[in-house]
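Each residue of the sequence shown is one higher than the one before, starting from 91 at the first, in the numbering used here. From the three backbone atoms N, C-alpha and C, an ideal C-beta is built for every residue, glycine too.
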Amino acid sequence: MIINFDNMSETHNLNFKGGEQTFHVKTENDGINKIMLGRLEPGASIGLHTHFNDSEIIYFIEGSGTVLFDGEKLPIRAGQSHYCPKGHDHSLINTGSSDLRFFATVVQQ
Numbered sequence: 091m092i093i094n095f096d097n098m099s100e101t102h103n104l105n106f107k108g109g110e111q112t113f114h115v116k117t118e119n120d121g122i123n124k125i126m127l128g129r130l131e132p133g134a135s136i137g138l139h140t141h142f143n144d145s146e147i148i149y150f151i152e153g154s155g156t157v158l159f160d161g162e163k164l165p166i167r168a169g170q171s172h173y174c175p176k177g178h179d180h181s182l183i184n185t186g187s188s189d190l191r192f193f194a195t196v197v198q199q
């Protein structure tokens, strides 16, 4: 399967999972797993949430920010990855001055 994000429409999720501002995302969803190309503008965030039945891997393409993972604040930047295993919680905040762009996969377990 080839996923062409260039041909997808971007959806705009205001206050996603209780976060601030808008989470912009292009998503391929096969009904079980999600593959996403996401973007947060400066000051935007994805709210704190727990992965009860799945895990998530995020690779940061551009920008910088903070991941809240199990109560710990972790600075992130382009070229790094974050892994949130099943049963753990996390949040993503763009604390930088430019868009935070990332590739994420949510895998059911």
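Range of the contiguous beta strand (DSSP E) that encloses residue i
{"i": "F159", "result": "S154 to F159"}
{"i": "E118", "result": "T112 to N119"}
{"i": "S187", "result": "Here S187 belongs to no beta strand (DSSP E), and DSSP marks it neither H nor E."}
{"i": "I93", "result": "No beta strand (DSSP E) holds I93; DSSP gives it neither H nor E."}
{"i": "I122", "result": "Neither: I122 is in no beta strand (DSSP E) and is coded neither H nor E."}
Local Cβ density within 10 Å of residue i, reported as buried at 16 or more and exposed below that
{"i": "M126", "result": "buried"}
{"i": "R129", "result": "buried"}
{"i": "L190", "result": "buried"}
{"i": "L182", "result": "buried"}
{"i": "H180", "result": "buried"}
{"i": "G161", "result": "exposed"}
Bridge partners - residue i, DSSP secondary structure assignment
{"i": "N103", "result": "F113"}
{"i": "S181", "result": "L158"}
{"i": "I151", "result": "Partner(s): none; I151 has no beta bridge."}
{"i": "D144", "result": "Q198"}
Integer-rounded CB distance, given that residue j should sit under 8 angstroms from residue i
{"i": "I166", "j": "G155", "result": "6 angstroms"}
Item to complete: Give a yes or no on contact between the stretch 97-109 and the stretch 122-141, applying the rule of three or more CB pairs nearer than 8 angstroms.
Response: yes
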